[in-house]
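A short write-up of the structure that comes next.
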Amino acid sequence: MSFKPRNSQPMKTLVLNHLRKHGNISPIEASAMWACRDLPKRISELRREGHPITVEYKRDDMGQRYARYSYDADAVRQAQQFQNKSFA
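Going by this note's numbering, the letters in the sequence shown line up with residues 22 to 109, in that order.
Right under this line is the structure:
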């Protein structure tokens, strides 16, 4: 994973592109890469737009709980297959 400057893209676009490419992200990673201070809000915006994003709560080595957000590519494939069958 490379750390790139924000490049004037909206934060939720950066998050969505990262999720599609890498599959998941945590708030610490988003903060380090783009100085994103409110990843849960960006995730909420993306979910409202219909993106299939799941959350799993984990614990780090020090016992701190954190969220890891994942893009559910299987849900996207299933929706596409359903649409293709519906129009056939």
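Idealized CB from N, CA, C, for every residue including glycine.
For residue j and residue i, the rounded distance between their alpha carbons
| i | j | result |
| --- | --- | --- |
| P73 | M83 | 30 angstroms |
| L46 | R58 | Going by the sequence as given, residue 46 is Ile instead of Leu. When rounded, the distance between both Cα atoms is 13 angstroms. |
| I49 | Q99 | 31 angstroms |
| A53 | R63 | 16 angstroms |
| A94 | R69 | 17 angstroms |
Pair within 9 angstroms by beta-carbon distance, residue i and residue j
| i | j | result |
| --- | --- | --- |
| Y92 | L40 | yes |
| Y87 | K79 | yes |
| L67 | K42 | no |
Exposure of residue i, with buried meaning 16 or more beta-carbon neighbours within 10 Å
| i | result |
| --- | --- |
| A51 | buried |
| V12 | Past the boundaries of the shown model lies residue 12; the chain is included only from 22 to 109, so the question cannot be answered. |
**Asked** Along the chain, which unbroken stretches of the alpha helix (DSSP H) at least 4 residues long are found entirely within the region 40-89?
**Response** 48-55 and 60-69
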